[in-house]
Ligand SMILES: C[S@@+](CC[C@H](N)C(=O)[O-])C[C@H]1O[C@@H](n2cnc3c(N)ncnc32)[C@H](O)[C@@H]1O
């Protein structure tokens, strides 16, 4: 552990103010459990589960009916994976689309969509009806997005390559908006230690500024009566509670409490001299030890009619 701390002392110093428990550090460094979603556009959940149970131990993800943890050998070596009947996705990353409550026929904006795990999850929930505009700003990531959409069999998706802030001009347009924002990826340290090496406070601050602009554009593009979900796979308050606090202070946005069968941490309302509205307590702040997943943050925002 000491060796690891030496790779980025600034990170560990800051995180003493966020979660200084041994449990947090322990789970941060533990390898992630594998998990997948059944592609309900192509196959029934029970059929896949029955077949894969012959080879693997499966455990249902409590917050996504088609999500499973998988134990044993590499599930990506199966025909089910090759045929796109299952989609590998970290279990906590299944939360935002589960919270967004998309319905068949809706117009949905996925503002930062690549590699498309949540786009494909939403297209399954929408039974391939309606339309998802799946956007990403980076050209190489657009290719991965398109290939995942094709492999999954999602036919209700249109891909765009724009800076997410561009969508602010489509005022009151989308029934649902997902902003799964670019972030400092602290939650993904469990997947790859490179995210620990790469973490810098100045990047957190720059990302926070970008996220505030993105969430304002996302809210503008949302129809009255619609729902916006903001999520990150990081735990820095500047990228989470502070961004949501910014939206609430500058618009008429409202938060709704998220009710899912999982454990979470109390959101942060005060950090390094900044005070955030108590409303942010309605958000989900998930530390890795809560459910043995990646760290994650999710906010459910509504725009009144
Ligand atoms: C957390 S990842 C999205 C993961 C994706 N939602 C999924 O579930 O598969 C964030 C994405 O934001 C994209 N991004 C970065 N800056 C952006 C911007 N200004 N506008 C739109 N997308 C951006 C990145 O290229 C990256 O693909």
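In the numbering used here, the protein residues as written are 333 to 637. Note that beta-carbon positions come from the ideal geometry of N, C-alpha and C, so glycine has one too. If you're wondering where the values come from, they're calculated on a predicted model, not measured in any experiment.
Could you give the distance in angstroms between the alpha-carbon of residue i and the alpha-carbon of residue j?
{"i": "residue 380", "j": "residue 603", "result": "46 Å"}
{"i": "residue 413", "j": "residue 625", "result": "22 Å"}
{"i": "residue 664", "j": "residue 635", "result": "Nothing about residue 664 can be read from this structure; the chain reaches only from 333 to 637."}
{"i": "residue 276", "j": "residue 522", "result": "One cannot answer for residue 276 here, as it falls past the ends of the chain, which runs 333 to 637."}
{"i": "residue 440", "j": "residue 338", "result": "44 Å"}
{"i": "residue 437", "j": "residue 383", "result": "32 Å"}
{"i": "residue 610", "j": "residue 601", "result": "6 Å"}
{"i": "residue 566", "j": "residue 504", "result": "29 Å"}
{"i": "residue 429", "j": "residue 451", "result": "8 Å"}
{"i": "residue 527", "j": "residue 597", "result": "22 Å"}
{"i": "residue 599", "j": "residue 461", "result": "35 Å"}
{"i": "residue 302", "j": "residue 399", "result": "This structure does not reach residue 302, given that the chain is present from 333 up to 637, and the question cannot be answered."}
{"i": "residue 418", "j": "residue 442", "result": "21 Å"}
{"i": "residue 352", "j": "residue 340", "result": "16 Å"}
{"i": "residue 358", "j": "residue 364", "result": "12 Å"}
{"i": "residue 510", "j": "residue 551", "result": "10 Å"}
{"i": "residue 590", "j": "residue 445", "result": "22 Å"}
{"i": "residue 464", "j": "residue 334", "result": "46 Å"}
{"i": "residue 423", "j": "residue 336", "result": "25 Å"}
Using beta carbons (cut-off 8 Å, strictly below), is residue i in contact with chain C?
{"i": "residue 574", "result": "Included in the structure is just one protein chain, with no chain C present."}
Report back the beta-carbon spacing between residue i and residue j to the nearest angstrom; my notes put them in contact at under 8 Å.
{"i": "residue 627", "j": "residue 557", "result": "Going by Cβ atoms, the distance from residue 627 to residue 557 rounds to 32 Å, so no, they are not a contact pair."}
{"i": "residue 356", "j": "residue 620", "result": "7 Å"}
{"i": "residue 368", "j": "residue 420", "result": "5 Å"}
{"i": "residue 454", "j": "residue 435", "result": "With 8 Å as the limit, residue 454 and residue 435 do not qualify as a contact, their Cβ atoms being about 10 Å apart."}
Can you pull the DSSP bridge partners for residue i?
{"i": "residue 534", "result": "For residue 534, which the question treats as bridged, DSSP gives no partner whatsoever."}
{"i": "residue 603", "result": "606"}
{"i": "residue 630", "result": "563 and 616"}
Discussion item. Tell me whether the stretch 490 to 499 and the stretch 515 to 522 touch, counting them as touching only if at least three CB pairs, one residue from each stretch, are closer than 8 Å.
Written reply: no
Fill in: Sequence ranges, beta strand (DSSP E) only - wholly within the stretch 475 to 523, length at least 3
Runs of the beta strand (DSSP E) inside the stretch 475 to 523: 489 to 492 and 506 to 512.
Worksheet item: Which residue spans inside the stretch 547 to 590 form an unbroken beta strand (DSSP E) run of at least 3?
Response: 554 to 564 and 586 to 588
Fill in: Uninterrupted beta strand (DSSP E) stretches inside the stretch 387 to 417 (no shorter than 3 residues)
389 to 392 and 399 to 403
Discussion item. If contact is defined by three or more beta carbon pairs under 8 Å, each pair taking one atom from either stretch, is the stretch 397 to 411 in contact with the stretch 470 to 480?
Written reply: With a cut-off of 8 Å, the stretch 397 to 411 and the stretch 470 to 480 do not count as touching, because too few Cβ pairs lie within range.
Practice prompt. Could you tell me whether the stretch 520 to 540 touches the stretch 580 to 589, where touching means 3 or more Cβ pairs closer than 8 Å?
Written response: Result no; under three Cβ-Cβ pairs closer than 8 Å.
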